[in-house]
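In the working numbering, the protein residues as written are 17 to 270.
Just so it is clear, CB atoms sit at the ideal spot from N, CA and C, and this is done for glycine as well.
This one's a predicted model, so the numbers in the text were calculated from it and none came from an experiment.
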Ligand SMILES: NC(=O)c1ccc[n+]([C@@H]2O[C@H](COP(=O)([O-])OP(=O)(O)OC[C@H]3O[C@@H](n4cnc5c(N)ncnc54)[C@H](OP(=O)(O)O)[C@@H]3O)[C@@H](O)[C@H]2O)c1
């Protein structure tokens, strides 16, 4: 059994991350066209080049803290490919600070990157998806958006906002065959997960809480994103798919 996509057009924002790169690989191999959006255009061009050996990819510079760049991203995607069918909202920054240490500049940076950017991207994508009466939006949240994360309240609360955004928009866009879902990764062996474990120096303790006793791999999150983006996920809307190796399913107190 294979998932089907009918050569749809996808936009992956925050495309330099390993999770996004694996998603882009799965998409291109499945025949989707992929727009790689993010700040590091040099790196994205290299990824574009390698994906173009298999299918069709295009790198576009987009800093999600800049509303105009998000609008340009969707305009340019439509100009090049005619439509936008799939949107993956992956950008995020993480910060470890006690709440008393947080500055207004921190709040702005983390909310603009993790939440405002996603809102504008969704807002821009929906009218383009409506033209085709089909769409898939996948927001990359976190298990930190389901339960709190001590000393990371800003990050955690942005990820909770993404989950509620997902749930709130789902019913609005359902009449146009658009679904909005989220993935909630646990501790993944990629940029942010690696940084967090090094920072906290508590790797053993965290790993012991994960039923699978290991960090997740980028592709294990990418497969969840790919499934939610497929034709076959048509009856999944407003859901949060937890990809955490059984980390958050148990209180862990006995
Ligand atoms: N790794 C984990 O354990 C874990 C757990 C739960 C959830 N997640 C989520 O998974 C996603 C990917 O995380 P990761 O671990 O792969 O970390 P990462 O490598 O740091 O990826 C973060 C991505 O966000 C992009 N980004 C940051 N600010 C941006 C901006 N202003 N405009 C556009 N893009 C921006 C980064 O692009 P640049 O290259 O421009 O910096 C990068 O592509 C994030 O949403 C994260 O919250 C990760």
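Since residue i sits in a beta bridge, which residues does DSSP pair it with?
{"i": "residue 154", "result": "104, 197"}
{"i": "residue 259", "result": "201"}
{"i": "residue 113", "result": "168"}
{"i": "residue 232", "result": "204"}
{"i": "residue 76", "result": "53"}
Would residue i and residue j be called neighbours here (beta carbons separated by less than 9 Å)?
{"i": "residue 225", "j": "residue 164", "result": "no"}
{"i": "residue 255", "j": "residue 193", "result": "no"}
{"i": "residue 6", "j": "residue 60", "result": "The question about residue 6 has no answer here: the residues shown for the chain are numbered 17 through 270."}
{"i": "residue 137", "j": "residue 29", "result": "yes"}
{"i": "residue 247", "j": "residue 22", "result": "yes"}
{"i": "residue 238", "j": "residue 48", "result": "no"}
{"i": "residue 40", "j": "residue 50", "result": "yes"}
{"i": "residue 27", "j": "residue 90", "result": "yes"}
{"i": "residue 92", "j": "residue 71", "result": "no"}
{"i": "residue 55", "j": "residue 77", "result": "yes"}
{"i": "residue 264", "j": "residue 159", "result": "yes"}
{"i": "residue 258", "j": "residue 197", "result": "no"}
{"i": "residue 253", "j": "residue 190", "result": "yes"}
Where does the unbroken alpha helix (DSSP H) through residue i begin, and where does it stop?
{"i": "residue 173", "result": "169-189"}
{"i": "residue 147", "result": "133-148"}
{"i": "residue 127", "result": "120-127"}
{"i": "residue 90", "result": "83-97"}
Can we count residue i as close to ligand 2, meaning its CB is less than 8 Å from some heavy atom?
{"i": "residue 159", "result": "Among the ligands in the structure shown, ligand 2 does not appear; only ligand 1 can be found there."}
Taking only beta-carbon positions, decide if residue i is within less than 9 Å of chain B.
{"i": "residue 45", "result": "Among the chains of the structure shown, chain B does not appear; only one protein chain is present."}
| said: Between the region 112-124 and the region 181-201, can you find at least three pairs of beta-carbon atoms closer than 8 Å? | reply: no
| Ranges of the beta strand (DSSP E) found wholly within the region 23-74, counting only runs of at least 3 | 25-29, 49-54
| query | Would the region 171-185 and the region 222-240 be scored as touching if the rule is three or more Cβ pairs under 8 Å? | reply | no
| said: Can you confirm whether the region 138-157 touches the region 117-127 when touching is taken to mean that 3 or more C-beta pairs between the two stretches lie within less than 8 Å? | reply: no
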